[in-house]
Amino acid sequence: MIQRLDQLTAPVEAGRYYLVPTVTGMWQERVRAWPVIGPRHNDTQCLKFGGAPLMLDADGKKAALPPPIWRRRLCRHAVSPSVAAIQPLAARHSRWQCHFDQWTGTQARHDGRGWVCPHRSVPLADHAPDEGGVITCPLHLLRIEAATGKVMPALAGPA
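This is the structure:
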């Protein structure tokens, strides 16, 4: 039986299929069923994602997201190997630094399975802490101390 992502009680496993919420639409000049997690947001206060709409209609105008459809998708990586490399680089960018500053010191909530990113409520139960005891949200790059749930400052990026 294929499990829905929102009903998992254990971490995802690479090589297994899961039901993932998707919306079909155009993004980056390609029409396909794109996976979606949580509410649509643009983070205009710091990241300025609002400059480019997520979806465009056939005439190139902003379009609302259609209702999500659960589709069978193969899990290729249980944890994104690039998150640890991206986070220090993002910390050097002023927009990301604004984002990190806004959330540092915030208390994450625990949903019974694990910590939840305080930014957009992304469940982090599937993400193991690194050797320093920190879980990094793969979507928002916030670093959460696994023992306490406090959001840590961003890692210093290379000069």
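The numbers in the numbering used here rise by one with no breaks, and the one at position 43 of the sequence shown is 127.
Backbone N, C-alpha and C fix where the C-beta goes; we use that ideal spot for every residue, glycine too.
By how many angstroms is the C-alpha of R176 removed from the C-alpha of A212?
Taking the sequence shown and counting its residues from 1, one reaches residue 212 at position 128. Taking the sequence shown and counting its residues from 1, one reaches residue 176 at position 92. Roughly 25 Å between the two C-alpha positions.
Can you list, in chain order, the stretches of the alpha helix (DSSP H) that have 4 or more residues and sit fully within the region 167-211?
167-175 and 178-187
R124 burial status per 10 Å Cβ neighbour count (16 or more: buried)
Mapped onto the sequence shown, residue 124 falls at position 40. Interpretation of R124 is limited by its pLDDT of 45, a score under 50 that renders its predicted location unreliable; no figure is taken from the coordinates.
Where does Q191 land, buried or exposed, given buried means 16+ other C-beta within 10 angstroms?
Within the sequence shown, residue 191 is the residue found at index 107, counting from 1. With fewer than 16 other Cβ atoms within 10 Å, it is exposed.
Exposure label - I219; buried when at least 16 CB within 10 Å:
The residue given as residue 219 occupies position 135 in the sequence shown. Buried, by the Cβ-count rule.
Just reading off the beta strand (DSSP E) that A230 is part of, what are its end residues?
Numbered from its first residue, the sequence shown carries residue 230 at position 146. Run containing A230: none; DSSP gives neither H nor E here.
L239 lies in the beta strand (DSSP E); which residues open and close that run?
What you label residue 239 is simply residue 155 of the sequence shown in a count that begins at 1. Segment: none, L239 is in no beta strand (DSSP E) and carries neither H nor E.
Could you confirm whether any beta carbon from chain D is found closer than 8 Å to the beta carbon of R204?
The structure shown contains no chain D; it holds only a single protein chain.
Whole-angstrom distance between M85 and H203, CA atom to CA atom:
Taking the sequence shown and counting its residues from 1, the one referred to as residue 203 is at position 119. Taking the sequence shown and counting its residues from 1, the one referred to as residue 85 is at position 1. Distance between the alpha carbons of H203 and M85 is about 32 Å.
Got a sec? Which residues, its chain only, sit under 8 Å from P237 by beta carbon, not counting five neighbours each side?
Sequence index remark: in the sequence shown, residue 237 carries index 153 (1-based). Closer than 8 Å at Cβ, skipping near neighbours: F184, T188 and R227.
Simplified DSSP state of L89, which is helix, strand or coil
Taking the sequence shown and counting its residues from 1, the one referred to as residue 89 is at position 5. Reduced to three states, the DSSP call for L89 is helix.
For K234, tell me which candidate among P172, D214, A209 and C201 has the shortest Cα-Cα distance.
Reading the sequence shown from its first residue, position 150 is the one you call residue 234. When only C-alpha atoms are compared, the closest one is C201.
Beta bridge counterpart(s) of A117 as assigned by DSSP
Counting from one through the sequence shown, the residue named residue 117 turns up at place 33. In the DSSP output, where bridge partners are listed per residue, A117 has T108.
Would you please state the rounded distance, in angstroms, between the beta carbons of W154 and R197? I believe it to be under 8 Å.
Along the sequence shown, read from residue 1 onward, the residue named residue 154 stands at position 70. Along the sequence shown, read from residue 1 onward, the residue named residue 197 stands at position 113. So it is not a contact: roughly 20 Å between Cβ atoms.
Measuring straight from C-alpha to C-alpha, what distance separates Y101 and T108?
Here residue 101 is taken as the residue at index 17 of the sequence shown, counted from 1. Here residue 108 is taken as the residue at index 24 of the sequence shown, counted from 1. Taking the straight line joining both Cα atoms gives about 19 Å.
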